[in-house]
Amino acid sequence: MIDIRLLRDNPDTVRASQQARGEDPALVDAALDADARRRSSLAEFESLRAEQKALGKEVARAVGDEKAALLARTKKLAGQVKEHQAAAHEAEAELDELLYRIPNVIEGAPPGSEEDFLTLKSVGTPRDFAAEGFAPRDHLDLGEELGAIDTARGAKVSGSRFYFLTGVGARLELALLNAATDLALAAGFTPMITPTLVTPETMRGTGFLGAHADEIYRLERDDLYLVGTSEVALAGYHGDEILDLSGGPKRYAGWSACYRREAGSHGKDVRGIIRVHQFHKVEMFSYCSVDDAAAEHERMLGWEEAMLAKVELPYRVIDTAAGDLGTSAARKFDCEAWLPSQERFLELTSTSNCTTFQARRMNVRERTEGGTRTVATLNGTLGTTRWIVAILENHQQADGSVRVPEGLRPYLGGLEVLEPVR
RNA sequence: GGAGACGUCGCAUAGUCUGGUCUAGUGCGCCACCCUGCUAAGGUGGUAACGGGGCAACCCGUUCGCGGGUUCAAAUCCCGCCGUCUCCGCCA
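According to the working numbering, the first sequence holds residues 134 to 555 in order.
Structure below.
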């Protein structure tokens with residue numbers, strides 16, 4: 134939820150943000166209007182209520198005829214109070230409804246839609262397989278030969294977009310996620326294993342139930358949602374709390390299964406494990422002061438790049454365009470690794486600065502000298518199952534074996550090469 | 001799944017039976033000042049959040065798990081929900 138004060142004081146900023154995202158700027162004026170109505174009806178209710186309370190005290194003291202007369206007055210007043218209270222309630226609900234539909238105000242993101250991103254930098258050089266004398270194979274080919282990935286049985290057991298990681302594939306994922314956790318630990322994050330089923334309130338608070346609600350699995354019988362990322366649980370972790378951030382940001386590294394319906398992606402990335410319904414992820418999450426948020430965002434990007442360096446992948450960093458931002462994000466950087474089999478970049482990490490948007494919904498504040506204020510939240514990817522795709526493809530060798538990047542070897546018992554099993 | 005107990009301003013607790021003096025008391029913690037020659041003790045005062053109004057001092061309202069209801073008036077009475085704990089049952 135955006136700050137109502139920003140809306141009042143700088144409506145143009147919010148209108149411009151809506152415009153850049155390709156959203157409706159008229160929402161801003163509707164919200165301003167609802168806010169004015171809310172305030173005036175609230176003022177009416179409150180003055181009536183004050184009168185009622187004052188009279189109530191007199192009633193308690195009065196006796197006999199005097200009391201009867203007072204009761205007659207207050208009885209009438211009670212009806213009016215109730216009416217105005219209902220009106221104030223309604224005006225507030227209207228405002229809330231409008232405010233919930235306004236996504237976060239962008240902060241530095243380039244305007245436009247998905248293809249309007251800016252490339253901030255490119256790191257590493259994709260291998261020249263032609264020069265090496267062989268055509269790169271895709272991750273599923275490689276994975277099947279290594280006995281690492283089994284999508285056929287995944288489909289048999291659970292349907293399309295499910296898979297088994299088997300043998301060395303399972304070990305590779307554990308190695309990757311353990312390496313990510315260790316990196317987070319070294320950076321001062323507290324490792325967390327989080328719930329993957331959350332209440333509607335938690336899901337709504339993180340901004341995932343808006344435009345992209347289709348993406349989310351819901352358990353009707355229990356009124357719970359399956360999370361698409363541990364960000365959801367970690368954003369709810371300090372809900373309704375007032376934090377002490379005087380010692381710097383509170384940083385958590387969540388390890389969880391993630392679930393996505395992939396409702397709008399029919400026919401896209403259908404082969405292999407690029408786009409699946411269930412995967413694992415280590416996610417960074419940070420609660421920090423608003424003033425520190427942009428710097429924290431850069432730091433998160435830095436840790437992501439450190440992780441990419443560990444697995445020796447060529448990648449580029451993009452500044453996501455406003456129209457491609459999530460509801461909660463004010464700015465988002467993605468790291469995309471090169472995918473030799475498709476000769477394109479594939480998103481491996483994504484870090485968002487949600488400024489105070491999520492925290493306002495979840496009611497997370499910090500204590501400052503001047504009182505309390507809403508904190509900023511940020512999140513970023515440190516490792517996912519999808520990374521296996523890029524690792525297999527980029528480190529494949531002519532004979533179908535795959536070189537293990539040095540940063541992962543300690544997590545695989547020193548294993549240097551994954552060998553085909555058939 | 002069944003039964004019971006509980007949910008109060010950072011923590012602990014009083015208040016609920018018997019609705020109004022609760023503007024929610026007290027202790028601990030914390031902050032400021034005072035006293036005191038010393039890593040102590042004591043004294044005084046202060047110490048929730050949110051919203052609205054005001055240049056401001058300040059004023060008003062809301063919040064006693066959440067949501068309804070009864071009433072002139074609800075922490076207190078009634079209903080529903082959520083959560084915690086204990087016991088029982090069932091399952092892993």
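Virtual Cβ for every residue (Gly too), placed ideally from N, Cα, C. The structure presented is a predicted model; accordingly, all values stated were derived computationally and were not measured.
Cβ neighbours of residue i in the same chain (closer than 6 Å, five flanking residues each side left out)
{"i": "residue 253", "result": "450, 452"}
{"i": "residue 170", "result": "224"}
{"i": "residue 235", "result": "135, 160"}
{"i": "residue 509", "result": "421, 423, 426, 488, 489"}
{"i": "residue 383", "result": "420"}
{"i": "residue 266", "result": "none"}
{"i": "residue 163", "result": "231"}
{"i": "residue 320", "result": "436"}
{"i": "residue 326", "result": "388"}
{"i": "residue 283", "result": "297, 299"}
Same chain, Cβ closer than 7 Å to residue i, five either side skipped, listed in chain order
{"i": "residue 482", "result": "437, 467, 468, 513, 514"}
{"i": "residue 175", "result": "221"}
{"i": "residue 328", "result": "366"}
{"i": "residue 286", "result": "297"}
{"i": "residue 314", "result": "324, 386, 388, 415"}
{"i": "residue 150", "result": "238, 239"}
{"i": "residue 192", "result": "200, 203, 204, 207"}
{"i": "residue 395", "result": "294, 408, 410"}
{"i": "residue 379", "result": "none"}
{"i": "residue 155", "result": "246, 456"}
{"i": "residue 401", "result": "408"}
{"i": "residue 563", "result": "This structure cannot settle anything about residue 563, because the visible part of the chain is limited to 134 through 555."}
Sub-7 Å separation of residue i and residue j beta-carbons
{"i": "residue 367", "j": "residue 387", "result": "yes"}
{"i": "residue 455", "j": "residue 239", "result": "yes"}
{"i": "residue 317", "j": "residue 544", "result": "no"}
{"i": "residue 498", "j": "residue 505", "result": "yes"}
{"i": "residue 410", "j": "residue 295", "result": "yes"}
{"i": "residue 385", "j": "residue 418", "result": "yes"}
{"i": "residue 507", "j": "residue 494", "result": "no"}
{"i": "residue 480", "j": "residue 416", "result": "no"}
{"i": "residue 276", "j": "residue 299", "result": "no"}
{"i": "residue 257", "j": "residue 553", "result": "no"}
{"i": "residue 496", "j": "residue 463", "result": "no"}
{"i": "residue 500", "j": "residue 375", "result": "yes"}
{"i": "residue 272", "j": "residue 525", "result": "yes"}
{"i": "residue 305", "j": "residue 520", "result": "no"}
{"i": "residue 342", "j": "residue 336", "result": "yes"}
Residue i versus residue j - alpha carbon distance
{"i": "residue 460", "j": "residue 340", "result": "6 Å"}
{"i": "residue 357", "j": "residue 537", "result": "40 Å"}
{"i": "residue 268", "j": "residue 274", "result": "12 Å"}
{"i": "residue 360", "j": "residue 173", "result": "40 Å"}
{"i": "residue 516", "j": "residue 431", "result": "17 Å"}
{"i": "residue 138", "j": "residue 168", "result": "10 Å"}
{"i": "residue 549", "j": "residue 534", "result": "10 Å"}
{"i": "residue 405", "j": "residue 301", "result": "16 Å"}
{"i": "residue 465", "j": "residue 511", "result": "10 Å"}
{"i": "residue 183", "j": "residue 210", "result": "11 Å"}
{"i": "residue 288", "j": "residue 399", "result": "15 Å"}
{"i": "residue 390", "j": "residue 484", "result": "18 Å"}
{"i": "residue 518", "j": "residue 443", "result": "16 Å"}
{"i": "residue 157", "j": "residue 477", "result": "33 Å"}
{"i": "residue 189", "j": "residue 195", "result": "10 Å"}
{"i": "residue 332", "j": "residue 290", "result": "28 Å"}
{"i": "residue 528", "j": "residue 262", "result": "11 Å"}
{"i": "residue 334", "j": "residue 551", "result": "45 Å"}
Proximity test, residue i beta-carbon vs the ligand ADP heavy atom, cut-off 6 Å
{"i": "residue 527", "result": "Only the bare structure without any ligand can be found here, which leaves the ligand ADP out of the picture."}
Those residues which DSSP pairs with residue i across a bridge
{"i": "residue 520", "result": "None, per the DSSP bridge assignment."}
{"i": "residue 509", "result": "421"}
{"i": "residue 514", "result": "416"}
{"i": "residue 535", "result": "529, 551"}
{"i": "residue 477", "result": "472"}
{"i": "residue 499", "result": "376, 506"}
{"i": "residue 283", "result": "297"}
{"i": "residue 466", "result": "452, 484"}
{"i": "residue 358", "result": "331, 351"}
Close beta carbons around residue i, own chain, < 8 Å, minus the five adjacent residues each side
{"i": "residue 439", "result": "316"}
{"i": "residue 178", "result": "214, 217, 218, 220, 221"}
{"i": "residue 307", "result": "544"}
{"i": "residue 227", "result": "167, 170, 171"}
{"i": "residue 522", "result": "272, 405, 406, 407, 472, 479"}
{"i": "residue 278", "result": "533, 553, 554, 555"}
{"i": "residue 152", "result": "158, 244"}
List, from N- to C-terminal side, the beta strand (DSSP E) runs of 3 residues or more that fit wholly inside the region 304-337.
Taking only runs of at least 3 residues, the beta strand (DSSP E) segments lying wholly in the region 304-337 are 323-326.
Taking only runs that begin and end inside the region 221-257, name each unbroken beta strand (DSSP E) of 3 or more residues, in chain order.
With a minimum length of 3 residues, the continuous beta strand (DSSP E) runs that stay inside the region 221-257 are 251-256.
Starting from the N-terminal side, write out each stretch of the beta strand (DSSP E) that is 3 residues or longer and does not extend beyond the region 370-456.
Listed in chain order, they are 383-392, 411-421, 448-452.
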